[in-house]
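Chains H, D and B are the protein sequences, given in the same order.
Numbering of the first sequence is given in the working numbering, commencing with residue 376 and proceeding in unit increments.
Numbering of the second sequence is given in the working numbering, commencing with residue 2 and proceeding in unit increments.
Numbering of the third sequence is given in the working numbering, commencing with residue 53 and proceeding in unit increments.
Note that the Cβ used here is the ideal one computed from N, Cα and C, for glycine as well.
To start, the structure itself, in structure tokens.
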Amino acid sequence: MSTAISLRGLTKVFATGVTAVSSLDLSVDDGEFVVLVGPSGCGKTTALRMVAGLETITSGSVAFGDRVVNGVSPRHRDVAMVFQNYALYPHLTVYQNIGFALANKGVPKSERHSRILATAATTGLSELLARKPRQLSGGQRQRVAMARALVRSPAVFLMDEPLSNLDAKLRVAMRSEVLSVHRASGAATMYVTHDQTEAMTMGDRVAVLRDGVLQQYGTPRSLYSTPANLFVATFIGSPEMNLYEAGVCADGSLTVGSQRLALPAGSVPAGYQGRKIIVGIRPEDLGDPVSAGPDVAAALCVDVRLVEVLGSEQHVYFSVDATPAGGDLAAAALAAAAPDGVARVGVGAGIRPGNQVRFGIDADRLHFFDPDTGLAVRPG
Amino acid sequence: MSVSVLPPASAPDTVEPVRESRRERRRRERLEEQDSNIPVELYGLRRGTVPFLTSLAFLFAIFTLVPIAWIIINSTKNQANIFETFGFWFARPFSLFHNFSLLFQNVDGYGTYIQWFGNTALYAVLGGGGAAALAAFAGYGFARFSFRGSRVLFYMIIAALLVPITALTVPLYLTYAKAHLINSLWGMVLPSMISPVGIYLMRVYVDISVPRDLIDAARIDGAGELRIFFRVALPLMVPGVITVLLLSIVAVWNNYFLPLLIFNINSRYPLTVGLGLWSLRAQNSGNAQLFPMLVTGGLVTILPLIALFLLLQRYWRGGILLGSIAN
Amino acid sequence: MSRRSAWINRRDRRGIWFVVPFLVGFVLFMVVPLGYAIYTSLYTSKLIGGTVFSGASNYTQTLQSSDFWNGVIRVVIYAAIQIPVMLAIAFFFACVFDLGVAKFGRTFRTIFFIPFAVPAVVGAVMWSFLLEPQFGPVVHLANAFGFSNTNFFSSSLLLPSIIVIVIWEWTGYNMVILYTALKSVPRDVVEAAILDDTPLWKIILRIKLPMVRPAIVMLVFLNLIGALQLFTEPQILEYFQQGAVSVNYTPAYFIYQTAIAADETNLAAAMAVILAVVIVLISAVSLVFRFGRSRRRRGEFA
């Protein structure tokens, strides 16, 4: 599998002095669907625009295949882009919008016509060709934007939060449409979003960015199960991972607040005896609540504050007498006497606010992070 | 793998107001403008295009500045030199101060410039200020209230732009003549306060800048409509009001036709009519002084407005000036 | 209307009071004069017999007056030349500065706008000096280029001179408005066009220009109304060179002369009403013309 796009040390500093992207290293293979995800202002859109050629590159390089394209105008990079606000030509019909680029390249009219019709069929726009953008719904406009890019059969497909302006339900439906467009084009695709669910469900590989710096780049699976640092751990997965400050005892057990979790040997990363470590566990990894009996060696005792019933499952918000660490929930919890953890349990659990519940802890599901650097540390 | 920083325990939500000097602010604005513009390289232009276009702009700038340069230079000359020396360079004797002093005198009964200046300033401030005030009130009324017939009324007001000034001013003059209002200050100022363009601009601006929710919230809090207008809406309308004020002052300052008809006493003339009179008399009368007075007077007439514009650039530069033409 | 709550209706009706001050002035200084103009136009004052109702006689006299229509034709020709030329220049520079393809854009824009701060009288005075047949610098320049004895006040050159003066006065203003309109074109539409490898001329003419059409329409409208009422510049030029301008040179000038110099106020009133009608008709026609143009373009493939 050859590399279609490679970013090496890509950096962008704006004239006002703001560093939007800092030394980004990334590669996209042929036909791969790569997602850039992160909170607003993390540099993902700027990185995408540098690949497109719409932003000048301060340092580093962008290469398509083995051809460095830093100095190449966006007109000649054979890149197609879908914009967040669709950027349709407002006074042209859907037909003309789709065919615009082809007309520029001097494609003969008959060929243009057939390609436009074919692309419109693929994107479900055949009935709308005579309409103007202002006569279309949000979802339809989005499809025109995709069709306009698709018809060019580009080598590289770029998408800048194309689904952000759609309502939630439509967004979910459009995800599969976006993927089918990607498969139809066969081109390497870079997709930018702030929604981690989109990233996880759509990407072959996902790059998490924060403040212009790449946090982790890997398959959705690897981001989920082995996050590289606290930020990735809390960013990926919803509800976010529960994180607490814990002390490590000499015998390898953890003290979380006043509780002691006895874990099998080798569960805790070496070198932290007598020191603090940050331990995390995802809400879905908190085992079935145990109401009594110390059968389970390691169990966390919590005070339930709030139970959200979601139909197929429940979210149990609780407090632990330990110091929360990292994440948005922790920030809120520090400010007020609010819950500092969440568990996802089945509907029959019968838990109510005010209950005291014990959750079994599976040592394999624990994540550990260094309190000073925030980086993940692994046992053994 | 890149190093990340631990998220802060609590992120401060307040942004400290940055204190920047004027120069720093201008520099930042320029850089932001640079960042927000599409880089010129992306347009794929041939190499000489930018210098070529810059020189075209330069030529038009010359064209624009030629009369201004001429008037500045020739206000320093006496009558003979205005006609006999090269128009775009100075000549002895340097008569600027002498010419300027003439503006304070009534030469041969043709009128005192400084008096006209005072008149113009008075008319402009009163008329412009009144126009801006009426426009602010009416623009707010049209934009935030939908009373019966407000649409029709608004369009009728805009349609009034179609009526030529002659059709309005000549009968106005006749009315004044009957009512002995010729040469009256208010005869000049009051009609100047009626500006359909101001209403349009203010309405558009109120639509943009004053959220309905804010007004409703104030109403729920029990504030009266007038109080809401002054306390809630007006502060948000300030840039628009200033623009309309500026445009109205300019309109009254530059108005020629109305004062031409309704004033026949020299001492009431504004600058436009006075200078027009001098143009006529300078050619016909024997008095050579009128030419340098005309030139110097013209210069002094345009300086205040140009200065006003340069100082208040941020208001007319913004999108307010017929901003929502897209509407 | 009846579905709205009474409270809302009552509240909205209060809005009228904000508009009332303006309306009072509007009626007093626009509606009443117009009405009075129509009223006066139906009478005739003679030295013998006083003022007597004459019905449409003033109107028929005007409509049959070739002097009047010559003036109308003159301003129509004047508008037909001046407005497109000025808008083309204004749009050209607005584009150039919006795209940033010339340096010192801000400075140039400020310079171009300066004439807006100059009253028409002063502008006409300045240019009269410059174009003065014997002493004006422009004449000297023309002589240097081999055009000897050009008289800018002659009947053949007078209208072109006025056109140049008015272009000088108004291009900056139009340019600033067009520039503002161009700036409001969303950046990503232009970026999309760049990615589609659209040449610059196409970006300007096929993408930006259509998107600022409302601004252009409004400017044509405003400029047209102003152009058809041309008065100040011809009058000042007449002051500088008597006889350069005939009494019927423009309709507005003719009305002024008729009302003030000839003291035939009734006739002047009728002429003013007719002029108003003419302006409305021409403006309406030009607007329809603009709309018609856009419909024809719809089938065109960009």
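Contact set between residue i and chain B, taken where Cβ atoms lie within less than 7 Å
| i | result |
| --- | --- |
| Ala427 of chain H | Leu247 |
| Ala161 of chain D | Met82 |
| Pro465 of chain H | Met263 |
| Glu226 of chain D | Arg66 |
| Val454 of chain H | Leu247 |
| Phe258 of chain D | Phe283 |
Under 9 Å between C-beta atoms of residue i and residue j
| i | j | result |
| --- | --- | --- |
| Pro508 of chain H | Phe458 of chain H | no |
| Arg63 of chain B | Arg269 of chain D | no |
| Ile69 of chain D | Met270 of chain B | no |
| Phe89 of chain D | Ile72 of chain D | no |
| Ile331 of chain B | Leu115 of chain B | no |
| Pro165 of chain D | Ala304 of chain B | yes |
| Leu210 of chain B | Val297 of chain B | yes |
| Tyr599 of chain H | Ala700 of chain H | no |
Burial state of residue i (16 or more Cβ within 10 Å)
| i | result |
| --- | --- |
| Lys155 of chain B | exposed |
| Tyr464 of chain H | buried |
| Glu486 of chain H | exposed |
| Arg28 of chain D | exposed |
| Val71 of chain B | buried |
| Tyr91 of chain B | exposed |
| Arg24 of chain D | exposed |
| Trp117 of chain D | buried |
| Pro330 of chain D | In the structure as shown, chain D starts at 2 and stops at 328, and residue 330 of chain D therefore has no counterpart that could be examined. |
Contacts that residue i makes with chain H (C-beta to C-beta distance below 7 Å)
| i | result |
| --- | --- |
| Glu33 of chain D | Thr391 |
| Asp36 of chain D | Phe389, Ala390 and Thr391 |
8 Å Cβ cut-off: residues of chain D touching residue i
| i | result |
| --- | --- |
| Asp64 of chain B | Phe146, Ser147 and Phe148 |
| Gln281 of chain B | Pro165, Ile166 and Thr167 |
Straight-line gap, residue i to residue j (C-alpha atoms, nearest Å)
| i | j | result |
| --- | --- | --- |
| Ser193 of chain D | Val299 of chain B | 28 Å |
| Ala146 of chain B | Ile229 of chain D | 39 Å |
| Leu262 of chain D | Tyr174 of chain D | 6 Å |
| Thr394 of chain H | Ser415 of chain H | 14 Å |
| Val623 of chain H | Asp696 of chain H | 17 Å |
| Ala168 of chain D | Ala322 of chain B | 9 Å |
| Ala640 of chain H | Gly632 of chain H | 21 Å |
| Val242 of chain D | Leu429 of chain H | 38 Å |
| Gly299 of chain D | Leu276 of chain D | 7 Å |
| Val173 of chain B | Val454 of chain H | 57 Å |
| Val211 of chain D | Ala233 of chain B | 22 Å |
| Ser377 of chain H | Met534 of chain H | 21 Å |
| Gln689 of chain H | Ala548 of chain H | 25 Å |
| Pro658 of chain H | Gln515 of chain H | 37 Å |
| Ser93 of chain B | Ile183 of chain D | 21 Å |
| Gly199 of chain D | Val272 of chain B | 19 Å |
| Gly646 of chain H | Ile652 of chain H | 10 Å |
| Ala279 of chain B | Val588 of chain H | 60 Å |
| Leu675 of chain H | Asp441 of chain H | 53 Å |
| Arg506 of chain H | Leu467 of chain H | 8 Å |
Under 7 Å from the C-beta of residue i: neighbouring residues of chain D
| i | result |
| --- | --- |
| Arg450 of chain H | Gly45 |
Listed by chain order, chain D residues near residue i by CB distance under 9 Å
| i | result |
| --- | --- |
| Thr431 of chain H | Pro40 and Glu42 |
Whole-Å CB distance - residue i paired with residue j, under 8 Å assumed
| i | j | result |
| --- | --- | --- |
| Leu312 of chain D | Ala133 of chain D | Wrong, their Cβ atoms sit about 17 Å apart, outside the cutoff. |
| Asp109 of chain D | Asn285 of chain D | At roughly 12 Å, the Cβ-Cβ gap does not stay under 8 Å, so Asp109 of chain D and Asn285 of chain D are not in contact. |
| Ile214 of chain B | Glu285 of chain B | 5 Å |
| Asp678 of chain H | Gln634 of chain H | That belief does not hold up - the Cβ atoms of Asp678 of chain H and Gln634 of chain H are roughly 12 Å apart, past 8 Å. |
| Ser402 of chain H | Ile380 of chain H | 7 Å |
| Leu54 of chain D | Val153 of chain B | 5 Å |
Any non-hydrogen atom of the ligand SAH within 8 Å of residue i CB
| i | result |
| --- | --- |
| Pro271 of chain D | Of ligands this structure carries none, so the ligand SAH is not represented either. |
Chain-ordered chain H contacts of residue i [CB-CB under 8 Å]
| i | result |
| --- | --- |
| Arg29 of chain D | Thr391 |
| Pro266 of chain B | Here the premise fails: no neighbours, minimum Cβ distance about 11 Å. |
| Asp315 of chain B | Per Cβ cutoff of 8 Å: no residues; Asp315 of chain B is ~54 Å from chain H at best. |
| Ala30 of chain B | Beyond the ends of chain B as shown, which are 53 and 354, falls residue 30 of chain B; an answer cannot be given. |
Under 8 Å from the C-beta of residue i: neighbouring residues of chain B
| i | result |
| --- | --- |
| Lys480 of chain H | Asp249 |
Where residue i meets chain H, residues with beta-carbon distance less than 9 Å
| i | result |
| --- | --- |
| Asp150 of chain B | The contacting residues do not exist; Asp150 of chain B stays about 17 Å from chain H at best. |
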